[in-house]
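**Q** Order-wise, the sequence lines are chains P and S.
Residue 91 in numbering that gives the first Met the number 0 sits at position 92 of the first sequence; the count goes up by one each step and never skips.
Residue 5 in numbering that gives the first Met the number 0 sits at position 6 of the second sequence; the count goes up by one each step and never skips.
Backbone N, C-alpha and C define an ideal beta-carbon position, used for all residues, glycine too.
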Amino acid sequence: MAEILETTQDYVTEARRLLQDEYSGTGGDGYRYPDEDLLAALNIAISRARQVRGDLFLASDGAVTYYINVDTTVVDIDIQYRHAVLMFMVGHAQLRDEEETTDARSAALMNNFVLQLRGEL
Amino acid sequence: MSAADFTRILNNAMVHLPGSVESAVKLELFNVMDQFFKETDIWKEQIEFTTDADDTYEVTPTLGTIVRLVRVFDPDTEVPVTASMEVLGDLVLKTVPSNATDYVVEVSLTCVDPVTVGGFPDCPDWIVTRYREAFTDGLIAKMAAQQKKPYTDAGKVNLHGRLFRKAIAGARADTERKNVRSAQAWRFPSFA
């Protein structure tokens with residue numbers, strides 16, 4: 000049975016949905032937020048998760064896996080915290096935008112990530 | 000090892016620990032059981048050996064690791080033998096018999112790595128079954144004491160910690176009475 004937010008492709012697809020980043024067919028790979036940007040956001044989210052909740056990485060003896068392709072590679076995060084990772088990805092992707100409203104939203108989303116990991120949300 | 004009992008302990012605990020992950024719970028379960036074994040001496044093993052001219056003998060349990068020496072005795076007469084174990088695993092007799100003699104050393108044990116394939120401490124099944132609730136309480140208390148987690152809860156630490164300590168005291172008493180109801184822990188020394 001397929002799980003929610005299981006693969007790197009799942010995360011990138013869902014992040015683009017929330018960012019309203021639709022395929023335009025022009026420039027880069029046709030998206031405002033290229034695959035490598037969203038993948039970088041995913042990897043940074045994993046690193047931050049390691050800092051906030053080290054116990055999520057006990058199964059791998061504390062080792063952190065970084066993801067290099069947007070494909071069917073499974074992202075090894077407990078199902079309870081996958082939404083939090085998605086929130087960080089969306090927030091991080093929006094950091095590069097310069098509008099004030101986007102800055103506030105970006106900060107709120109990345110803070111949401113930490114609050115979810117700590118169970119405060 | 001009773002996987003069903005361990006699974007029940009984990010499930011019971013995780014119901015009280017929202018946002019916990021199984022690997023972290025298993026990590027703490029080892030700590031809980033280790034503390035339980037060390038404070039109750041409930042897990043014991045008797046190991047036979049034959050003396051030779053030496054006063055020091057290596058003692059290796061079949062499972063777990065030695066916490067302390069309980070006693071050494073002659074299996075035929077139950078007469079205790081004076082011995083010590085300054086280094087765990089190295090039994091030192093105070094007096095070396097002149098002839099080769101069969102003795103039994105009883106040691107108290109605790110769990111040790113590696114754990115089983117399921118990630119649980121390898122220990123006697125009957126202890127896990129008998130003290131399932133105690134382990135659940137200890138697990139909830141230790142997990143709830145972790146900082147900045149979704150399940151951090153001082154109230155749970157207090158309540159389940161007290162229940163765990165009470166269970167440890169009860170288990171110690173059960174061990175003294177050898178699980179016999181209303182038995183007295185004291186008995187006449189064998190030499191009287």
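In whole angstroms, give me the CA-to-CA distance for S:Pro60 and S:Val103.
**A** About 12 Å.
**Q** Would you kindly report the start and end of the unbroken beta strand (DSSP E) that includes S:Ile65?
**A** Residues 64-72.
**Q** Just to confirm, are S:Ser107 and S:Val80 a CB contact at a threshold of 7 Å?
**A** Not a contact, by the Cβ cut-off of 7 Å.
**Q** Please compile the residues from chain B whose C-beta is within a distance smaller than 7 Å of the C-beta of P:Arg49.
**A** Here the protein chains are P and S, and chain B is not one of them.
**Q** So who's on the other strand from S:Gln45, going by DSSP bridges?
**A** Answer is S:Glu105.
**Q** Assuming S:Leu92 is part of the beta strand (DSSP E), what are its boundary residues?
**A** It spans 89-92 - the beta strand (DSSP E) in which S:Leu92 sits, taken as one unbroken run.
**Q** For the region 79-101 of chain P, list every residue whose C-beta sits within 7 Å of some C-beta in chain S, in sequence order.
**A** Under the 7 Å Cβ criterion, the region 79-101 of chain P contributes Gln79.
**Q** Let me confirm a value: S:Leu28 is counted as buried when at least 16 other C-beta atoms fall within 10 Å, else exposed. Which label applies?
**A** Under this definition S:Leu28 is a buried residue.
**Q** Going by DSSP, name the residue or residues bridged to S:Tyr56.
**A** Paired residue(s): S:Leu90.
**Q** State the Cα-Cα distance for the pair S:Glu132 and S:Phe5, rounded to the nearest angstrom.
**A** In a straight line, the C-alpha of S:Glu132 is about 11 Å away from that of S:Phe5.
**Q** Let me see if you follow: with CB-CB separation under 7 Å, is S:Ala23 close to chain P or not?
**A** Taking Cβ atoms only, chain P reaches closer than 7 Å to S:Ala23, which makes this a yes.
**Q** Can you tell me where the alpha helix (DSSP H) with S:Asp33 in it begins and where it stops?
**A** 21-39 is the extent of the alpha helix (DSSP H) around S:Asp33.
**Q** Run through chain P and tell me which residues come within less than 8 Å of S:Pro17, C-beta to C-beta.
**A** Within 8 Å Cβ-Cβ: Gly118.
**Q** Just to confirm, are P:Val63 and P:Leu116 a CB contact at a threshold of 7 Å?
**A** Not closer than 7 Å, so no.
**Q** Find out if the Cβ-Cβ distance for the pair P:Val69, P:Ala44 is shorter than 7 Å.
**A** No.
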